[in-house]
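Enquirer: Before we start, here is the structure in question, set down as structure tokens.
Numbering (this note's numbering), first residue to last: 671 to 1300.
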């Protein structure tokens, strides 16, 4: 059993320090040393600390030079294999230390540091958000952009501090970021625990703009080039500027707009019975967003219309109440053109008093903004993904800030989607966001005979970069002796690239590309394994469809997908964007299925929440309860 050192630093935490202490002591971990460093509290915190000091390995109260100076004092007193920081106000969940010991004990080397999921809580312990850690590959890829977790979610081998030094006191706000980058530079691998560690209480230190200039210095010190350092710094500064300043400016702009339009006193009621909704969507590749829109439209036919920005190239997924703007999105001009085309559509509608514009996906969000403002029409938006490429471009943030904060309401298709959106755009008021999980048809469960030498694999969804289908194709040559056929069903902009990759690897005899279909049931029942290798995902309707039929699935551990489905029987995972992890996990799954070593259960009852009937009830309730304020 590993020896764990826990350091708690405190300063005037009288209201929360006891909860912090008890969360550590109640772990019942036998090989624990608890170190408490107080910064000279004057509010009664010391009385509480003295009450428990006989359970501390080391306790001291004296003034310090800041949070990292205090943490360094704790490190100096530690002697464990691993060290973690549970500071005053934070608390860890039951059995956390045992989980950390179990996971770390399995590692053959000590070149790991852990990152764990955490909850964010307010002063009353209400959970107001969560931080879901990215995969190892994503953490490394984005190392200069963001911390993988904060101090609460990170446990580090103590020898790393002994070898590479303590927290650098030159950095008042980001010394932990500097240390993590040093570990990554030295080859330490971030180990995602895939468990929630505890809760981090918001309301602590905020370094303001100086934080991001510290980031610049840190990135340069650890070897990041000038452009990367500038990009990371400007991204952070831009976000902070608009969070702090733009909200006030926006209020004045909004007020002026309403005055000009004599619309200050306007107030309407939003009722499903007399409200017309136009869905704006810029994709027709058969993905989850298109399925959602089609499903809503067909179940609320009396007041639902669809406007597609692109020309429909496949079988029409919408009923007769739709129109297409036939826009080819090749440049910024395409967005401008689509905006004016949508304005033309709205001009033709005589009665716009009860009209709502409902956008889906990025280009639709941008296209719908100006028409909604010009016509005074309420704009709601569904966020379909935990990540999109727009968020990595700091020059778009001011526009995104303006658009997102002008929306009447936002629907997120999972809690992970909501959290990632608020992490990106924290200025959005939480009461403007609803979580409505996707729903789809549940297929009838069927038992499968897996006892055969070669198995059939199914990929179902849009052929886009985010789906990660290229990752699967690239690892198939090493598994060809275990696979009979791979069906890739769907359409999208990446199809030619995927077909070319298939030819390059001489996999034409194994891989079969099939156009999008509204009813994939035959293909689902003919398959042995479903694979969802997504780089990012908001939810994963395909996972519901496959598992309801009894098909075992292999999914990436991207948050929106993994957080929803990882606990279900018959669901297996691999590290997102890691071809090696995908190959090993798929090989293991193929072997276990062909040898009849896995029991796949009927999940019909467990998945009922994601059925089409349940989904329609949730959306109907949303439409009925949404009100329009002045």
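Yeah, the Cβ is synthetic: ideal placement off N, Cα and C, and Gly gets one too.
When the Cα of residue 1063 is compared with those of 740, 735, 905 and 701, which residue comes out closest?
Expert: Your numbering for residue 1063 matches position 393 in the chain shown. Out of 740, 735, 905 and 701, 905 has the C-alpha closest to the C-alpha of residue 1063.
Enquirer: Can the beta-carbon of residue 679 be found less than 9 Å from the beta-carbon of residue 744?
Expert: Residue numbering aside, residue 679 sits at position 9 when the chain shown is read from its first letter. Residue numbering aside, residue 744 sits at position 74 when the chain shown is read from its first letter. Their beta carbons are under 9 Å apart, which means residue 679 touches residue 744 by this criterion.
Enquirer: Could you name the residues that DSSP lists as bridge partners for residue 1155?
Expert: Position 485 of the chain shown, counted from the start, is the residue given in the question as residue 1155. BP columns for residue 1155 point to 1126.
Enquirer: Could you tell me how far apart the beta carbons of residue 1118 and residue 1220 are, in whole angstroms, since I believe they sit closer than 8 Å?
Expert: In the chain shown, counting from the first residue as 1, residue 1118 sits at position 448. In the chain shown, counting from the first residue as 1, residue 1220 sits at position 550. The Cβ separation is near 6 Å, so the contact holds.
Enquirer: Give the single residue among 764, 1243, 1143 and 826 whose Cα lies nearest to the Cα of residue 866.
Expert: What you label residue 866 is simply residue 196 of the chain shown in a count that begins at 1. Of 764, 1243, 1143 and 826, the residue nearest in Cα terms is 764.
Enquirer: For residue 1196, I'd like the list of residues in its chain whose CB is within less than 7 Å of its CB, leaving aside the five on either flank, ordered along the chain.
Expert: On the chain shown, position 526 is the one that residue 1196 refers to. For residue 1196, where only same-chain residues beyond five positions count, the Cβ hits under 7 Å are 1126.
Enquirer: Counting along the chain, where does the beta strand (DSSP E) carrying residue 871 start and finish?
Expert: The sequence position of residue 871 within the chain shown is 201, counting from 1. Residue 871 -> beta strand (DSSP E) spans 859-871.
Enquirer: Can you tell me the Cα-Cα spacing of residue 977 and residue 999, whole angstroms?
Expert: For the purposes of this step, residue 977 is taken as the residue at position 307 of the chain shown. For the purposes of this step, residue 999 is taken as the residue at position 329 of the chain shown. Distance between the alpha carbons of residue 977 and residue 999: 15 Å.
Enquirer: Identify whether residue 776 lies in helix, strand or coil by the three-state DSSP scheme.
Expert: Locating residue 776 in the chain shown gives position 106, counting from the first residue. Looking at residue 776 - three-state DSSP - the assignment turns out to be coil, as it is neither helix nor strand.
Enquirer: Would you decide whether residue 714 is buried or exposed? Buried here means 16 or more other CB atoms lie within 10 Å of its CB.
Expert: Taking the first residue of the chain shown as 1, we reach residue 714 at position 44. Per the 10 Å Cβ criterion, exposed.
Enquirer: Quick one: any contact between the segment 752-763 and the segment 836-843, if contact means 3 or more CB pairs under 8 Å?
Expert: Touching, no.
Enquirer: Could you name the residues of the same chain whose beta carbon sits closer than 7 Å to that of residue 921, not counting the 5 residues immediately before and after it, in chain order?
Expert: In the chain shown, residue 921 corresponds to position 251, counting from 1. Summary for residue 921: the model assigns pLDDT 42, below 50, so the residue's position carries little reliability; its value from the coordinates is reported in the next sentence. Contacts found: none.
Enquirer: If we count the other Cβ atoms within 10 Å of its Cβ and call it buried at 16 or more, is residue 896 buried or exposed?
Expert: If you number the chain shown from 1, residue 896 lands on position 226. Looking at its Cβ environment, which holds fewer than 16 other Cβ atoms inside 10 Å, residue 896 is exposed.
Enquirer: What does the alpha-carbon distance come out to for the pair residue 705 and residue 1082?
Expert: As a first step, residue 705 must be located in the chain shown, where it is residue number 35. As a first step, residue 1082 must be located in the chain shown, where it is residue number 412. Spanning the two alpha carbons is a distance of roughly 42 Å.
Enquirer: Which two residues bound the contiguous alpha helix (DSSP H) that contains residue 1168?
Expert: Mapped onto the chain shown, residue 1168 falls at position 498. Residues 1165-1174.
Enquirer: Can a CB atom of chain C be found closer than 9 Å to the CB of residue 763?
Expert: Among the chains in the structure shown there is no chain C, since it carries only a single protein chain.
Enquirer: What is the DSSP secondary structure of residue 821, reduced to helix, strand or coil?
Expert: Position 151 of the chain shown holds residue 821. Helix, per DSSP.
Enquirer: Please check the pair residue 1049 and residue 1077, which I expect to be a contact at CB under 8 Å, by giving their CB distance rounded to whole angstroms.
Expert: Residue mapping note: residue 1049 aligns to position 379 of the chain shown, counting from 1. Residue mapping note: residue 1077 aligns to position 407 of the chain shown, counting from 1. At roughly 6 Å, the Cβ-Cβ gap stays under 8 Å, so residue 1049 and residue 1077 are in contact.
Enquirer: Look up residue 1302 in the DSSP assignment and say whether it is helix, strand or coil.
Expert: The shown model of the chain, from 671 to 1300, leaves out residue 1302, and the question about it has no answer.
Enquirer: Quick check: the Cα distance between residue 964 and residue 1106, rounded to an integer number of angstroms?
Expert: Within the chain shown, numbered from 1, the residue matching residue 964 stands at position 294. Within the chain shown, numbered from 1, the residue matching residue 1106 stands at position 436. Going from the Cα of residue 964 to the Cα of residue 1106 covers about 16 Å.
Enquirer: DSSP on residue 1054, reduced to helix/strand/coil?
Expert: Looking up residue 1054 in the chain shown gives position 384. Residue 1054: coil per DSSP, three-state reduction.
Enquirer: Decide if residue 797 is buried, meaning its Cβ has at least 16 other Cβ atoms within 10 Å, or exposed.
Expert: Stepping through the chain shown from its first residue, residue 797 is reached at position 127. It is exposed - the Cβ of residue 797 has fewer than 16 other Cβ atoms within 10 Å.
Enquirer: Would residue 1271 and residue 1240 be called neighbours here (beta carbons separated by less than 9 Å)?
Expert: Translated into the one-based positions of the chain shown, residue 1271 becomes position 601. Translated into the one-based positions of the chain shown, residue 1240 becomes position 570. In contact: residue 1271 and residue 1240 (Cβ atoms closer than 9 Å).
Enquirer: If the criterion is Cβ atoms closer than 9 Å, does the pair residue 969 and residue 947 meet it?
Expert: The residue given as residue 969 occupies position 299 in the chain shown. The residue given as residue 947 occupies position 277 in the chain shown. For residue 969 and residue 947, no; Cβs fall outside 9 Å.
Enquirer: Closest to residue 772 by C-alpha separation, out of 733, 699 and 787, would be which residue?
Expert: Counting from 1 along the chain shown, the entry for residue 772 is found at position 102. Checking every option, the nearest Cα to that of residue 772 belongs to 699.
Enquirer: According to DSSP, is residue 966 helix, strand or coil?
Expert: In the chain shown, the residue the question calls residue 966 occupies position 296. It is helical.
Enquirer: Buried or exposed for residue 1233, going by 16 or more other Cβ atoms inside 10 Å?
Expert: For the purposes of this step, residue 1233 is taken as the residue at position 563 of the chain shown. So residue 1233 counts as buried.
Enquirer: Which runs of the beta strand (DSSP E) at least 3 residues long sit entirely within the segment 709-760? Give them in chain order.
Expert: Runs of the beta strand (DSSP E) inside the segment 709-760: 728-731 and 752-755.
Enquirer: In terms of DSSP beta bridges, what is residue 703 paired with?
Expert: Within the chain shown, the letter at position 33 stands for residue 703. BP columns for residue 703 point to 675.
Enquirer: Answer yes if the segment 1134-1147 comes into contact with the segment 1171-1181, meaning at least three C-beta pairs across the two stretches below 8 Å, and no otherwise.
Expert: Yes, the segment 1171-1181 is in contact with the segment 1134-1147.
Enquirer: Report the option in 734, 1052 and 795 whose CA atom is closest to the CA atom of residue 1030.
Expert: On the chain shown, position 360 is the one that residue 1030 refers to. Comparing Cα positions, the closest option is 1052.
Enquirer: Mapping the DSSP letters down to three states, classify residue 1243 as helix, strand or coil.
Expert: Along the chain shown, one-based indexing puts residue 1243 at 573. Strand, per DSSP.
Enquirer: As a quick exercise: from 1214, 1186 and 751, pick the residue whose alpha carbon is nearest that of residue 1274.
Expert: Here residue 1274 refers to the residue found at position 604 when the chain shown is read from its first residue. Closest option to residue 1274, Cα to Cα, is 1214.
Enquirer: State the Cα-Cα distance for the pair residue 892 and residue 1228, rounded to the nearest angstrom.
Expert: Taking the chain shown and counting its residues from 1, one reaches residue 892 at position 222. Taking the chain shown and counting its residues from 1, one reaches residue 1228 at position 558. Going from the Cα of residue 892 to the Cα of residue 1228 covers about 28 Å.
Enquirer: Over the uninterrupted alpha helix (DSSP H) stretch that includes residue 1036, give me the two end residues.
Expert: Within the chain shown, the letter at position 366 stands for residue 1036. Run containing residue 1036: 1032-1045, per the alpha helix (DSSP H) assignment.
Enquirer: According to the Cβ coordinates, are residue 980 and residue 952 closer than 9 Å?
Expert: Position 310 of the chain shown, counted from the start, is the residue given in the question as residue 980. Position 282 of the chain shown, counted from the start, is the residue given in the question as residue 952. Cβ distance < 9 Å, so residue 980 and residue 952 count as in contact.
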